[in-house]
Amino acid sequence: MNKIYILWLRQLKRYWRSRSRIVGSLVQPMLYLLALGYGFGAVFRQAGQGNYLTFLAPGVVGMTIIFSAIFSGMEVIWDRQFGFLKETLVAPMPRFNIMLGRTLGGATVATLQGMIVLLISLLFGFRPVNPWAIATVIPFMFLVALMFTALGTAIASVLNDMQGFQLIINFLVMPMFFLSGALYPLQGLPLGLAAVARVNPLSYGVDAFRDLLIGAGHYGLAIDSAVLVGLIVAFLAAGSRFFSRVEV
Amino acid sequence: MIEVKGVTKKFDKVVAVDDVSFAVNAGEIFALLGPNGAGKSTTIKMLTTLLRPTAGSVTVNGFDVAQQPDQVRRSFGIVFQDPSLDVELTAWENMEIHGVLYDVPRAQRNERSEQLLKFVELWDRKDDVVKVFSGGMKRRLEIARGLLHSPKIMFLDEPTLGLDPQTRNSMWSYLRELNKAQGTTVLFTTHYMEEAERIAQRIAIIDQGKIVALGTAAELKEKTGKASLEDAFLALTGKQIRDEAADPKELMRAFMRSRMGQK
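Residue numbers (our numbering), protein chains in the order written: chain A, 921 to 1168; chain B, 52 to 314.
As structure tokens, then:
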């Protein structure tokens, strides 16, 4: 327990100390809020869909979390050659606990990033249905973060170079983000796109955020929660299986 | 202290280590000497539970690496070929995490961390983040960290690669002192002949996954009828240059060096 805690704490210290990285990773979400949120606002309103920025903000929070979480999961690739991973692999503890400490740490960091973006979106004019909504959405942000950190770790455990990393970003993370309903409503989509959204883990995360923050869920909170928890279990299981085979 | 019996490691079809057997006595300083790609690192990884042998058995401090990995892990400290410190954390924090991972009680952890950081002359830098350290300082910190849980054996994989002579010299003086005072067994790999000859009591020369000779430097010279260990080494392993294929790890290593401005 102590060991998992110290590995978690390590990730938080690293996060806290890399201020420039924190600021850098906030630029992209802010651009989305600014360019899309304000840019498409008028069109969205004319279509009778209300305030686009309000609709978009939960999606941008989801984007922040998926990128941050996958990155920290995929750090394993780099870390096993030049980093701290070897130090933990020769320590007297089960591999599963190493993975758990890392994953919980990465997920906590991704959640913090998501919270910062949520607060920033308030400055851009985002208003949740009520102030408590922000508190209720945090556990769901953590679930989404945990799901993607576990996925990132699982993938990184079977890749052995950095080229694979770029591939995963372009062929997995970007499509997941763009096809998740983070940017557009899931109602009335063409069938193909609706089907893709349905098998996309991020859709359920963004949907839960929207449900809690602006009272506009699509699948419903029960389904969202069930899918998120189910996938967390699946990804952690896959991660622990692959991670236990990591050779350096 | 270390017993290796008929150990083989295959990666797909490549045999990296081929039916290797040797034993290291308690309190001994032992060198694995060999050209690039000879199987030195692979051997160390098997001794330290990072790789599972395809065949054969390894015991470290009386524990079997496959059956009792945690007891084996508590028995040794290691300095890897590539850095394994968390550079965003301070020297002290790196020590602290190591102590927690090896179940060293807090009081003892603090006491030993202080003692070891003084030993490697980093005590006044304990609160600096490791990324501002030079290559030599990092190596010294890795040695201090590896010793924190009072291991019986210290493994070092090419520990002096890229270090200047001063740092190399001080590093070996720490390790010799430790070997003398505590009786810590030391096993290291290198491709510097003079280092093996000067530091190690016995040397195993490994080439293409096999041990081609084992003995004291004097015995190896006598066996080959050569005057220097370098000539003995060349007589045993041939003069052909070994080109390692640029695998992903080597590419990453090259990138790392260019990024960090290291030689």
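Backbone N, C-alpha and C fix where the C-beta goes; we use that ideal spot for every residue, glycine too. Since this is a predicted model, take the numbers as computed values, not measurements.
* To do: Step through the CB atoms of chain A and report whether any lies within less than 8 Å of the CB of B/GLU209.
  => no
* Asked: Short check: CB of A/THR1073 to CB of A/GLY1159, under 8 Å?
  -> yes
* Partner residues on chain B for A/ASN922, Cβ-Cβ distance less than 7 Å -> VAL151
* Would you verify that the beta carbon of B/PRO104 is, or is not, closer than 8 Å to some beta carbon of chain A? => no
* Asked: Who are the neighbours of A/ARG1015 on chain B, taking C-beta pairs under 9 Å?
  -> Chain B residues near A/ARG1015: none, gap ~10 Å exceeds 9 Å.
* Using a Cβ-Cβ cut-off of 8 Å, state whether B/LYS314 counts as contacting chain A. => Here the model assigns B/LYS314 a pLDDT of 34, short of 50, so the residue's position is not dependable, and the following value carries that caveat. No, B/LYS314 does not count as interfacial toward chain A.
* Asked: What are the residues that DSSP puts in a beta bridge with B/SER108?
  -> B/LYS56
* Roughly how many whole angstroms lie between the Cα atoms of A/LEU1167 and A/GLY1101? -> Note that residue 1167 of chain A is Glu in the sequence shown here, rather than Leu. For A/GLU1167 and A/GLY1101, the distance between alpha carbons rounds to 38 Å.
* Tell me, please, whether the stretch 1075–1083 of chain A touches the stretch 995–1006 of chain A by the rule of three or more beta-carbon pairs shorter than 8 Å. => yes
* Asked: Under the three-state reduction of DSSP, which class applies to B/ARG253: helix, strand or coil?
  -> strand
* **Cut-off 6 Å between Cβ atoms - residues of its own chain near B/GLY312, not counting five sequence neighbours on either side** => With a pLDDT of 47 at B/GLY312, under the threshold of 50, the predicted position of this residue should be treated as unreliable, though the coordinate-derived value follows. Here the set comprises nothing.
* So is A/ALA1076 in contact with chain B if we call contact Cβ pairs under 8 Å? -> Judged by the 8 Å Cβ criterion, A/ALA1076 is not in contact with chain B.
* Closer than 8 Å, CB to CB, is B/ILE129 near chain A or not? -> yes
* Look at the alpha carbon of A/PHE960 and the alpha carbon of A/LEU976, and state the distance between them as a whole number of angstroms. => 10 Å
* In terms of DSSP beta bridges, what is A/THR1069 paired with? -> Its beta-bridge partners do not exist; DSSP assigns none.
* To do: Assuming B/SER135 and B/ASN112 form a contact by the criterion Cβ under 8 Å, report the distance between their Cβ atoms to the nearest whole angstrom.
  => So it is not a contact: roughly 21 Å between Cβ atoms.
* **Where A/THR1008 meets chain B, residues with beta-carbon distance less than 8 Å** => By Cβ distance, chain B contributes LEU152.
* Within 8 Å of chain B by C-beta, residues of the stretch 989–1009 of chain A in sequence order -> TRP998, GLN1001, PHE1002, GLY1003, PHE1004, LEU1005, LYS1006, GLU1007, THR1008 and LEU1009
* Is B/GLU139 close to chain A, meaning its C-beta is less than 8 Å from at least one C-beta of that chain? -> yes
* **Listed by chain order, chain A residues near B/ILE148 by CB distance under 7 Å** => Near B/ILE148 (Cβ distances below 7 Å), the residues of chain A are ILE926 and ARG930.
* **Straight-line gap, A/ASP1131 to A/VAL947 (C-alpha atoms, nearest Å)** => 26 Å
* **Close-in-space but distant-in-sequence residues of the same chain around A/GLY1025 (CB under 7 Å, 5 per side omitted)** => LEU927, TRP928, ARG930, GLN931 and LEU932
* **chain B within 8 Å of A/GLU1167, Cβ atoms only** => By this cut-off, A/GLU1167 is an interface position.
* Asked: Counting only beta-carbon atoms, is A/PHE1055 nearer than 8 Å to chain B?
  -> Residue 1055 of chain A is actually Ala in this sequence, not Phe. Chain B contact via Cβ: absent.
* Distance, B/GLN122 Cα to B/ARG103 Cα -> Each residue's alpha carbon lies about 16 Å from the other.
* **C-alpha gap between B/GLN252 and B/ASN230, whole angstroms** => 12 Å
* To do: In the DSSP assignment, find the unbroken alpha helix (DSSP H) run with A/ALA1114 in it and report its ends.
  => 1111–1118
* Asked: Within this structure, are the beta carbons of B/LEU198 and B/GLY150 separated by less than 8 Å?
  -> Result no, Cβ atoms of B/LEU198 and B/GLY150 do not sit closer than 8 Å.
* To do: Pick out whichever of A/GLN1033, A/LEU1113 and A/ILE1143 has its Cα sitting closest to the Cα of A/PHE1098.
  => A/LEU1113
* **Same chain only: Cβ atoms within 6 Å of A/TYR863, ignoring 5 sequence neighbours per side** => One cannot answer for residue 863 of chain A here, as it falls past the ends of chain A, which runs 921 to 1168.
* Cutoff 8 Å: A/ALA1030 Cβ touching any chain B Cβ -> The beta carbon of A/ALA1030 does not come within 8 Å of any beta carbon belonging to chain B, so the residue lies off that interface.
* Backbone CA spacing between B/LYS314 and B/GLY213 [nearest angstrom] -> Its pLDDT being 34, under 50, B/LYS314 is placed unreliably by the model, and the measurement read from it follows with that caveat. Whole-angstrom Cα-Cα distance: 6 Å.
* **Beta-carbon proximity check, A/VAL1057 vs A/PHE1129, cutoff 8 Å** => yes
* In this structure, does DSSP put B/THR288 in helix, strand or coil? -> It is helical.
* Neighbourhood of A/TYR952 by C-beta distance below 6 Å, restricted to the same chain and skipping five residues each side -> Contacts found: VAL980.
* Give every residue of the same chain whose Cβ lies closer than 6 Å to the Cβ of B/LYS96, excluding the five residues on either side of it in the sequence, and list them in chain order. => LEU102
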